[in-house]
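Novice: First the structure, then my questions, so here it is.
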Amino acid sequence: MKMSDTVVKQPSTTKTKKLDSDYLERPDCFDCGPYRWTITYSTQELASIRRVGGEDAWGITLIGDLRIIVEDDRPLQFIKDTVLHEIRHAFLYTHNIKIPHSMKEEDESEREEAFVTSESTMWLDAMQKNVELFTWLMTYEED
Ligand SMILES: [Zn+2]
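What the sequence shown shows, in numbering that gives the first Met the number 0, is residues 0 to 142, in sequence order.
Spelled out as structure tokens, the structure:
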């Protein structure tokens with residue numbers, strides 16, 4: 000796709016729209032490829048894993064268990080950003096997507112972390128400002 004050269008950029012005036020309240024519950028699972036992943040919102044459980052793994056993060060993706068655990072004592076917008084970050088790890092794993100070596104990080108897990116971190120906030124912002132667009136995109140159409 001090619002954008003027109005004559006497009007005049009307009010500042011966004013879109014207010015974040017709320018979906019029907021049926022959709023506002025924190026989801027406890029999601030499907031990705033053949034897998035169903037669970038999401039747990041627990042600062043306590045995440046802290047216990049951190050003590051073992053020694054990592055400092057607001058969320059973790061446990062690939063072998065098909066689980067995501069995120070802190071639950073943060074502002075909701077921050078929790079959503081963290082969930083989106085973690086599900087991107089889950090999607091990369093499920094679809095066996097490797098991050099190209101063109102990124103500056105040498106270590107593969109560091110490349111994935113940089114890749115996932117780079118766009119999660121952007122996507123959350125885009126989805127929340129374009130509810131109609133993303134709802135339309137997410138609606139499966141049977142031909
Ligand atoms: Zn990460």
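C-beta atoms are modelled at their ideal positions from N, C-alpha and C, and glycine is treated no differently.
Quantities reported herein were computed from a predicted structural model and do not represent experimental measurements.
How far does the alpha helix (DSSP H) with T134 in it extend, from its first residue to its last?
Specialist: V130 to M137
Novice: Would the segment 69 to 77 and the segment 95 to 109 be scored as touching if the rule is three or more Cβ pairs under 8 Å?
Specialist: Because the criterion of three Cβ pairs below 8 Å is not met, the segment 69 to 77 and the segment 95 to 109 do not touch.
Novice: For G63 versus H84, is the C-beta spacing smaller than 9 Å?
Specialist: no
Novice: So what does DSSP say about R25, is it helix, strand or coil?
Specialist: Assignment of R25 by DSSP, reduced to helix, strand and coil, places it in the coil class.
Novice: Can you tell me which of T116, D27, N95 and F133 puts its alpha carbon nearest to the alpha carbon of A56?
Specialist: T116
Novice: Got a sec: does ligand 1 put a non-hydrogen atom nearer than 8 Å to the Cβ of V82?
Specialist: no
Novice: Is the Cβ-Cβ distance between E111 and H88 less than 9 Å?
Specialist: yes
Novice: Count the other C-beta atoms from every protein chain shown that fall within 10 angstroms of the C-beta of T120, then say buried if there are 16 or more, exposed otherwise.
Specialist: T120 comes out exposed.
Novice: Would the beta-carbon of V69 be found less than 8 Å away from any heavy atom of ligand 1?
Specialist: no
Novice: How would you label W36, buried or exposed, when you count the other beta carbons within 10 angstroms and need 16 or more for buried?
Specialist: buried
Novice: Residues in its own chain within less than 7 Å of D27 by CB, not counting five upstream and five downstream?
Specialist: T37 and I38
Novice: DSSP on D30, reduced to helix/strand/coil?
Specialist: Correct three-state label for D30: strand.
Novice: Measuring alpha carbon to alpha carbon, tell me which of V82, D142, L65 and K79 ends up nearest G32.
Specialist: L65
Novice: Does DSSP put R87 in a helix, in a strand, or in coil?
Specialist: Look at R87 here: in three-state DSSP terms it is helix.
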